[in-house]
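Engineer: In UniProt numbering, the protein residues as written are 1 to 115. Don't be surprised by glycine CBs; every beta carbon is placed ideally from N, CA and C.
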Amino acid sequence: MAKCRRNVENFLDACRKIGVPQSSLCSPYDIIQSRLQPLSLTVQALVSFDTSSPDRKQEVAVSSKSPAPSSPSLVSVTTQTPPPSWQIWDLIGSSLLHVLCLVLLFLAYSWSELT
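Written out as structure tokens, the structure is:
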């Protein structure tokens, strides 16, 4: 429980350092007791602060001026799926395992028929 409380206090300290007003922050007790109303107000203040910060506005302005990339990105940042090459090898390995099991079952059945 002490580690959990320390994580909560670190989160609230980070919010203060970022610049979220003290009036918008919930208490550590609210987070630990899963009181969603005060916590949602804190998260909303954090999100609105991020989109209204001058650095974020400058970043959005710079990205809107840059030309669109000519080719789509091959790696998705928001998903946690493995690269397609891993999926192919997983499929091949799984198929080989199933074929091996079927061959072993066939051999066991054939052996029992011969004896």
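1. Given a threshold of 16 other Cβ atoms within 10 Å of its Cβ, counted over all protein chains shown, does T42 qualify as buried or as exposed?
2. State the Cα-Cα distance for the pair D90 and V103, rounded to the nearest angstrom.
3. With H, G and I counted as helix, E and B as strand and the rest as coil, what does DSSP make of C101?
4. Counting C-beta neighbours from all protein chains within 10 Å, is the total for V20 16 or more, i.e. buried, or is it exposed?
5. When the Cα of R6 is compared with those of S110, I18, F106, I31, which residue comes out closest?
6. If you check the beta carbons only, do R15 and L39 fall under 8 Å apart?
7. Could you have a look at V20 and say whether DSSP puts it in helix, strand or coil?
8. Just how far apart, CA to CA, sit T115 and I92?
9. By how many angstroms is the C-alpha of L25 removed from the C-alpha of L12?
Structural biologist: With the given structure in hand:
1. In the sequence shown, the residue the question calls residue 42 occupies position 42. Around the Cβ of T42, a 10 Å sphere holds 16 or more other Cβ atoms; the residue is buried.
2. As a first step, residue 90 must be located in the sequence shown, where it is residue number 90. As a first step, residue 103 must be located in the sequence shown, where it is residue number 103. Rounded to whole angstroms, D90 to V103 spans 20 Å at the Cα level.
3. Reading the sequence shown from its first residue, position 101 is the one you call residue 101. In the structure shown, C101 sits in a helix (DSSP, three-state: H, G or I).
4. For this step, residue 20 is matched to residue 20 along the sequence shown. That one is buried.
5. Your numbering for residue 6 matches position 6 in the sequence shown. It is I31 whose Cα lies nearest to the Cα of R6.
6. The residue you call residue 15 lines up with position 15 of the sequence shown. The residue you call residue 39 lines up with position 39 of the sequence shown. Residue identity check: residue 15 is Cys in the sequence provided, not Arg. Against a cut-off of 8 Å, the Cβ pair of L39 and C15 comes out as no contact.
7. Indexing the sequence shown from 1 puts residue 20 at position 20. Reduced to three states, the DSSP call for V20 is coil.
8. Sequence index remark: in the sequence shown, residue 115 carries index 115 (1-based). Sequence index remark: in the sequence shown, residue 92 carries index 92 (1-based). Taking the straight line joining both Cα atoms gives about 35 Å.
9. Taking the sequence shown and counting its residues from 1, one reaches residue 12 at position 12. Taking the sequence shown and counting its residues from 1, one reaches residue 25 at position 25. Near 7 Å, if we compare the C-alpha coordinates of L25 and L12.
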